[in-house]
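Notes to accompany the following structure.
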Amino acid sequence: MAALPDRARPARQPARSFEVVLPGQLPETGDVLARAQSENFTVAARVLPYRIRQHLMAVYGFARLVDYAGDEACGPREGLLDLLDSDLGRVYEGSPRLPLLRAFAPTVHECGIPREVPARLITANRRDQYVRRYETFEELLDYCKYAANPVGELVLYIFGRADPELTELSDRICSALQILEHSQDVAEDYQQDRIYLPTEDLHEFGCRESELATSAASSELRGLVWFEVDRAVGMLRAGQPLVARLSGLARLAVAGYVAGGLATARAFRPAGHDPLAVRIRPGRLRMLGEWARLSLAPESRGEHDRTASAYEYCEQITRTQARNFSYGIRLLPAGKRKALSAVYAFARRVDDIGDGTLSTERKLERLEHTRTKLREVHRDSKDPMLVALADAARELPIPLEAFHELVDGCEADVRGNEYETFEQLAHYCRCVAGSIGRLSLGVFGQPVTGVAAERADALGVALQLTNILRDLLEDRRRGRIYLPQEDLRRFGVTLELDSRGMFTDDASKVAELVRFQSQRAERWYGEGLRLLPMLDHRSRACCAAMAGIYHELLRRITADPTLVMRGRTGLSGWQKAVVAARSFAGMSS
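Below you can see the structure in the form of structure tokens.
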């Protein structure tokens with residue numbers, strides 16, 4: 032990072048030199064400039080000539096000081112902004128008083144910068160004092176005209192290229208960088224009672240403002256963040272021709288800013304687009320790679336493929352949150368793998384609503400919102416899951432209406448339904464798991480009708496019964512009992528818990544109940560696995576791997592029913608990998 036030249040850094044002024052400034056209201060010059068190291072882009076690269084670096088750092092120092100006055104200062108911020116506006120006037124008169132504005136003055140005069148350009152930054156921070164929400168994206172873009180775009184214009188003035196056409200391209204880049212920063216700072220902004228996510232988008236995803244104060248983002252909020260980041264990437268790509276229109280040092284500097292934005296957008300992916308749980312920062316190596324590419328080949332910008340980005344989002348969710356199924360999904364060819372990831376990502380969203388901490392009323396409201404969105408699946412959707420599902424359903428016979436059954440089952444969970452008979456439980460299993468079996472059948476390219484659909488449905492029931500046995504104690508601690516009441520009475524089991532959260536029933540009776548249910552699940556596996564010969568070899572391997580992991584888990588529970596009395600049990604990662612590899616080898620031969 033470049034430092035201000037000594038002649039631009041006057042000795043520290045005591046607070047009494049400025050009557051309206053109280054001690055501690057304005058930070059030291061060094062503290063302001065040090066923040067350049069934490070930006071998403073390199074403010075003033077060392078490869079640039081010394082004088083250019085000084086101009087860039089002077090612009091940064093001014094912009095950051097204005098942001099401090101509007102965002103962080105204690106006391107009357109309006110008064111501080113008035114002070115900065117007044118001293119900006121003195122910059123043009125030749126007598127600024129504040130150190131950072133005295134450093135900014137040579138840049139203003141040497142580069143011919145009109146006052147209205149830096150003054151817009153002050154206007155933006157004045158707006159921040161009374162505008163706390165933005166209803167539409169257009170309103171947010173208008174804010175960016177004042178809060179972000181002037182910085183890009185100032186950079187163009189430094190390089191002598193501030194003509195209208197280039198400024199328009201610069202505005203797209205700067206607005207995109209501002210949107211990315213807003214997406215990173217969702218929690219921090221909310222703590223100051225500011226929300227820069229457009230209200231219309233919050234409503235579109237069924238999110239409430241209170242969600243911004245939680246420790247982790249909901250699936251819907253992560254989808255919203257994806258949409259805002261994706262929109263910013265599109266704007267960066269639209270402004271990228273600016274790099275090609277520039278040359279020499281100007282190209283190098285601007286390419287660095289665009290590279291920082293692209294690297295920041297990329298950093299959201301491994302974080303699962305959750306800025307509440309993860310501090311999202313761009314990787315330096317990726318930033319340098321993007322910078323080199325843009326500097327050397329600025330024309331080859333490529334088109335932004337939001338469908339591919341939506342699929343990548345769904346695959347990330349499947350890898351991290353549907354680990355049992357991800358082993359099988361990896362065995363599919365790319366197109367089907369992406370499609371099944373979209374199916375499982377959306378199913379995970381529905382499950383997360385039912386298993387989350389929201390009130391019953393709020394869960395039912397969100398499930399109804401999810402059901403409504405299922406009627407509007409299209410590739411231009413704001414929601415990445417709906418974008419991916421729309422594209423997948425266009426290529427494959429995926430019965431998206433089956434998701435409505437999944438929502439039905441989740442609503443039953445939220446209402447705390449219990450099941451008197453196995454027939455009632457089987458209906459529930461068909462809703463929450465048989466539906467996924469039929470959706471998967473469509474991904475495999477099979478018509479979802481007749482015998483194939485019946486066997487896919489049966490396999491889903493088998494998997495769900497295994498889930499119910501595996502989670503017997505965990506579900507009971509959450510107030511849920513899935514096993515039929517008639518079976519509990521038959522084996523003399525109540526599934527009541529003691530003060531430690533353990534079953535009070537005689538262990539031998541619980542073991543008999545579990546073995547009985549295991550045998551029932553085995554019969555459903557026997558029917559469901561008859562689907563395998565009807566599939567192509569890659570789909571067969573995928574289905575065999577997913578079912579094999581659960582089937583192996585059921586065998587272990589059957590051999591030792593006490594496993595489910597002690598807590599949730601499962602296979603290790605390498606054991607799942609062995610099952611998947613065995614399935615692929617066996618089904619490919």
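Counting in this note's numbering, the final residue of the sequence shown is number 620, and the numbers go up one at a time with none missing.
Cβ atoms here follow ideal geometry from the backbone N, Cα and C, with glycine treated the same way.
>> Please give the ranges of any alpha helix (DSSP H) in the stretch 220 to 294, keeping only runs that are unbroken, at least 4 residues long and fully inside the region.
In response: 230 to 235, 250 to 270 and 272 to 276
> Can you find at least 3 beta carbon pairs, one from the stretch 478 to 496 and one from the stretch 527 to 535, that sit closer than 8 angstroms?
Replying inline: no
>> Using 7 angstroms as the threshold, is the C-beta distance between Cys573 and Leu362 below it?
In response: Translated into positions along the sequence shown, residue 573 becomes position 542. Translated into positions along the sequence shown, residue 362 becomes position 331. Yes.
>> By the three-class DSSP mapping on this structure, what secondary structure does Phe475 have?
In response: Translated into the one-based positions of the sequence shown, residue 475 becomes position 444. Correct three-state label for Phe475: coil.
> Does the stretch 187 to 199 come close enough to the stretch 271 to 279 that 3 or more CB-CB pairs lie under 8 angstroms?
Replying inline: yes
>> Could you tell me the alpha carbon to alpha carbon distance between Asp439 and Ala464, rounded to whole angstroms?
In response: Within the sequence shown, the letter at position 408 stands for residue 439. Within the sequence shown, the letter at position 433 stands for residue 464. As the crow flies, the alpha-carbon of Asp439 is around 12 angstroms from that of Ala464.
>> Tell me which residues share the same chain as Leu273 and place their Cβ nearer than 7 angstroms to its Cβ, disregarding the 5 neighbours each side in the sequence.
In response: One-based indexing of the sequence shown puts residue 273 at position 242. Closer than 7 angstroms at the Cβ level, and outside the excluded window around Leu273, lie Leu197, Leu200, Ser201, Ile204 and Val285.
> Which ranges would you report for the alpha helix (DSSP H) in the stretch 335 to 387 if only whole runs of at least 4 residues count?
Replying inline: 337 to 352, 354 to 360 and 365 to 386
> Which same chain residues, not among the five before or five after Thr214, have their C-beta less than 6 angstroms away from its C-beta?
Replying inline: Here residue 214 corresponds to residue number 183 of the sequence shown, with the count starting at 1. Note on identity: in this sequence residue 214 is Ser, with Thr being the wrong assignment. For Ser214, where only same-chain residues beyond five positions count, the Cβ hits under 6 angstroms are Val256, Glu259 and Val260.
>> Using only CA atoms, which one of Gln495, Leu132 and Glu454 lies nearest to Leu121?
In response: The residue you call residue 121 lines up with position 90 of the sequence shown. Correcting the residue type first, residue 121 is Arg in the shown sequence and not Leu. Looking at the Cα atoms, Leu132 is the closest of the given residues.
> Helix, strand or coil: how does DSSP classify Phe453 here?
Replying inline: Here residue 453 is taken as the residue at index 422 of the sequence shown, counted from 1. If DSSP states are grouped into helix, strand and coil, Phe453 belongs with the helices.
> Which same chain residues, not among the five before or five after Glu184, have their C-beta less than 7 angstroms away from its C-beta?
Replying inline: Taking the sequence shown and counting its residues from 1, one reaches residue 184 at position 153. Contacts found: Val148, Ala193, Thr198 and Ser201.
>> Assuming Ser214 is part of the alpha helix (DSSP H), what are its boundary residues?
In response: As a working note, residue 214 is residue 183 in the sequence shown. Run containing Ser214: Pro195 to Gln215, per the alpha helix (DSSP H) assignment.
> Taking the alpha helix (DSSP H) that Gly545 falls in, what are its first and last residues?
Replying inline: On the sequence shown, position 514 is the one that residue 545 refers to. The sequence given here places Val at residue 545; Gly does not occur at that position. For Val545, the uninterrupted alpha helix (DSSP H) run begins and ends at Ala538 to Gly559, by DSSP.
> Should Met416 and Phe377 be called a contact, given that it needs their Cβ atoms to be closer than 7 angstroms?
Replying inline: Reading the sequence shown from its first residue, position 385 is the one you call residue 416. Reading the sequence shown from its first residue, position 346 is the one you call residue 377. In contact: Met416 and Phe377 (Cβ atoms closer than 7 angstroms).
>> For Arg337, tell me which candidate among Leu496, Leu594, Val90 and Arg262 has the shortest Cα-Cα distance.
In response: Walking along the sequence shown from the start, residue 337 turns up at place 306. The candidate whose alpha carbon is nearest that of Arg337 is Arg262.
>> One question on the structure: do Arg95 and Val63 come within less than 7 angstroms of each other, judged by their Cβ atoms?
In response: Walking along the sequence shown from the start, residue 95 turns up at place 64. Walking along the sequence shown from the start, residue 63 turns up at place 32. Yes, Cβ-Cβ distance for Arg95 and Val63 is below 7 angstroms.
> Using 8 angstroms as the Cβ pair cut-off and three pairs as the minimum, do the stretch 342 to 355 and the stretch 311 to 330 touch?
Replying inline: no
>> Would Ala423 and Ala353 be called neighbours here (beta carbons separated by less than 7 angstroms)?
In response: In the sequence shown, the residue the question calls residue 423 occupies position 392. In the sequence shown, the residue the question calls residue 353 occupies position 322. In this structure, Ala353 does not lie closer than 7 angstroms to Ala423 by Cβ.
> Can you tell me where the alpha helix (DSSP H) with Gln160 in it begins and where it stops?
Replying inline: What you label residue 160 is simply residue 129 of the sequence shown in a count that begins at 1. Segment: none, Gln160 is in no alpha helix (DSSP H) and carries neither H nor E.
> In chain order, which alpha helix (DSSP H) runs of at least 4 residues are fully inside the stretch 473 to 525?
Replying inline: Complete alpha helix (DSSP H) runs here, min 4: 481 to 501, 503 to 508 and 516 to 521.
>> Could you compute how far the alpha carbon of Ala75 sits from the alpha carbon of Tyr165?
In response: By one-based count along the sequence shown, residue 75 stands at place 44. By one-based count along the sequence shown, residue 165 stands at place 134. Looking at the two C-alpha atoms, the distance is approximately 32 angstroms.
> Would you call Gly557 buried or exposed, if buried means 16 or more other Cβ atoms sit within 10 Å of its Cβ?
Replying inline: Here the question's residue 557 lines up with position 526 in the sequence shown. That one is exposed.
> Which residue's Cα is closest to the Cα of Val524: Pro515, Asp536 and Glu517?
Replying inline: For the purposes of this step, residue 524 is taken as the residue at position 493 of the sequence shown. Comparing alpha-carbon positions, the option among Pro515, Asp536 and Glu517 lying closest to Val524 turns out to be Asp536.
>> Let's test the definition: count the other Cβ atoms within 10 Å of the Cβ of Cys105 and tell me whether it reaches 16, buried, or not, exposed.
In response: Locating residue 105 in the sequence shown gives position 74, counting from the first residue. Flag for Cys105 reads exposed.
>> Can you tell me which residues form a DSSP beta bridge with Leu528?
In response: Within the sequence shown, residue 528 is the residue found at index 497, counting from 1. Per DSSP, Phe534.
> Rounded to a whole number of angstroms, what is the C-alpha to C-alpha distance between Ala578 and Pro564?
Replying inline: Taking the first residue of the sequence shown as 1, we reach residue 578 at position 547. Taking the first residue of the sequence shown as 1, we reach residue 564 at position 533. Roughly 14 angstroms between the two C-alpha positions.
>> Looking at Leu490: is its Cβ nearer than 7 angstroms to the Cβ of Ala433?
In response: Against the sequence shown, residue 490 aligns to sequence position 459. Against the sequence shown, residue 433 aligns to sequence position 402. No, the Cβ-Cβ distance between Leu490 and Ala433 is not below 7 angstroms.
> Could you give the residue range of the alpha helix (DSSP H) that holds Ala424?
Replying inline: The sequence position of residue 424 within the sequence shown is 393, counting from 1. Counting along the chain, the alpha helix (DSSP H) containing Ala424 begins and ends at Pro415 to Glu426.
> Between which two residues does the alpha helix (DSSP H) carrying Tyr81 extend?
Replying inline: Residue numbering aside, residue 81 sits at position 50 when the sequence shown is read from its first letter. Taken as a continuous stretch (DSSP letters only), the alpha helix (DSSP H) holding Tyr81 covers Tyr81 to Asp102.
> Nearest-angstrom Cα distance between Pro515 and Glu449?
Replying inline: Position 484 of the sequence shown, counting from 1, holds the residue named residue 515. Position 418 of the sequence shown, counting from 1, holds the residue named residue 449. Using only the alpha carbons, I get a separation of about 8 angstroms.
> Terminal residues of the continuous alpha helix (DSSP H) containing Ile588?
Replying inline: Here residue 588 refers to the residue found at position 557 of the sequence shown. His568 to Ala590 is the extent of the alpha helix (DSSP H) around Ile588.
> Helix, strand or coil: how does DSSP classify Pro313 here?
Replying inline: Taking the first residue of the sequence shown as 1, we reach residue 313 at position 282. If DSSP states are grouped into helix, strand and coil, Pro313 belongs with coil.
> What is the rounded straight-line gap between the Cα of Leu114 and the Cα of Ala248?
Replying inline: Walking along the sequence shown from the start, residue 114 turns up at place 83. Walking along the sequence shown from the start, residue 248 turns up at place 217. For Leu114 and Ala248, the distance between alpha carbons rounds to 39 angstroms.
> Whose C-beta lies closer than 6 angstroms to the C-beta of Gly421 among residues of the same chain, with five residues either side of it excluded?
Replying inline: Numbered from 1 along the sequence shown, position 390 holds the residue referred to as residue 421. Residue identity check: residue 421 is Ala in the sequence provided, not Gly. So the qualifying residues of the chain are Val408, His409 and Arg410.
>> Mapping the DSSP letters down to three states, classify Ile429 as helix, strand or coil.
In response: For this step, residue 429 is matched to residue 398 along the sequence shown. The answer is coil: DSSP assigns Ile429 none of H, G, I, E or B.
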